[in-house]
Amino acid sequence: AQTVTQSQPEMSVQEAETVTLSCTYDTSESDYYLFWYKQPPSRQMILVIRQEAYKQQNATENRFSVNFQKAAKSFSLKISDSQLGDAAMYFCAYRDYYTGTASKLTFGTGTRLQVTL
Amino acid sequence: EPEVTQTPSHQVTQMGQEVILRCVPISNHLYFYWYRQILGQKVEFLVSFYNNEISEKSEIFDDQFSVERPDGSNFTLKIRSTKLEDSAMYFCASSPKQFGKYNEQFFGPGTRLTVL
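Which chain is which? The protein sequence lines are A and B, in order.
Sequential numbering from 42 applies to the first sequence in the numbering used here.
Sequential numbering from 49 applies to the second sequence in the numbering used here.
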């Protein structure tokens with residue numbers, strides 16, 4: 042079974058600075074997807090960024106980027122120019138690459154990010 | 049922008065009672081999911097649903113749970129006899145059908161279930 046591990050329960054960053062959240066995963070599959078979801082206090086799950094395992098290029102979305110190391114099974118999230126609105130719980134998630142089936146997401150335990158002035 | 053909706057936002061029930069949590073997925077989506085999150089813990093998969101049948105279910109999804117798509121728009125999760133440990137946030141998600149491509153799962157805002 043696939044597992045996702047987030048070893049940092051809490052992180053703190055100053056506004057305008059950069060922070061990196063870590064995630065490792067375990068799978069025997071060669072094709073899969075990885076995600077970072079943001080969960081603010083409202084508890085809504087919001088997709089931040091996604092990465093296809095067959096793509097070597099790291100995904101970027103504005104201030105958010107990932108460092109995907111397939112051999113090391115590592116998938117970290119970098120937030121640049123941190124803003125107060127970035128404060129939230131961040132979950133790393135894994136999904137198998139299936140076609141035509143409803144494959145589930147497997148989540149890590151989350152990292153709570155605090156943004157200070 | 050279309051979104052997944054869930055009702056109610058908060059449900060309080062007595063232990064042993066039946067509850068039905070409702071979700072309206074995005075209209076052109078064909079894959080549906082329920083996840084739950086016990087307070088302070090990670091989000092856990094419960095069940096996935098496609099073509100009017102369960103595709104996969106987790107160990108959590110025992111005989112007390114059932115899902116249904118009764119009318120082509122709603123997607124419901126029923127808990128027949130609630131236990132204290134069923135207290136959690138329940139998230140519904142849906143994704144479109146795209147063979148060979150990435151299927152993003154769009155999450156609803158969640159229903160907070162409190163079992164007393």
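Every residue, glycine too, gets a C-beta built ideally from N, C-alpha and C.
From the listed residues E56(A), Q80(A) and Y95(A), the smallest Cα separation to T150(A) is found for Q80(A). Chain A places a beta carbon closer than 7 Å to that of S96(B), counting this residue as a contact. Listed by position along chain A, the residues whose Cβ is nearer than 7 Å to that of G120(B) form an empty set, because the closest Cβ is around 17 Å away.
At a cut-off of 7 Å between beta carbons, F148(A) contacts chain B. For E104(B), the enclosing beta strand (DSSP E) covers residues E101 to K105. CA-to-CA, the gap between E104(B) and E92(B) works out to about 13 Å.
Within the segment 86-135 of chain A, no run of alpha helix (DSSP H) at least 4 residues long lies entirely inside it. Judged by DSSP in its simplified three-state form, L132(B) adopts helix. Cβ-Cβ distances below 8 Å link Y98(B) to L78, Y79 and F80 in the same chain, with the five nearest sequence neighbours on each side left out; the list follows chain order. Between the alpha carbons of Q49(A) and T152(A) lies a gap of roughly 6 Å. Secondary structure at S114(B): strand, using DSSP grouped into helix, strand and coil.
Interface residue (Cβ-Cβ distance to chain B less than 7 Å): M86(A) is classified as such. In terms of Cβ geometry, T46(A) and T65(A) form a close pair [threshold 7 Å]. No Cβ of chain B is located within less than 7 Å of the beta carbon of K111(A).
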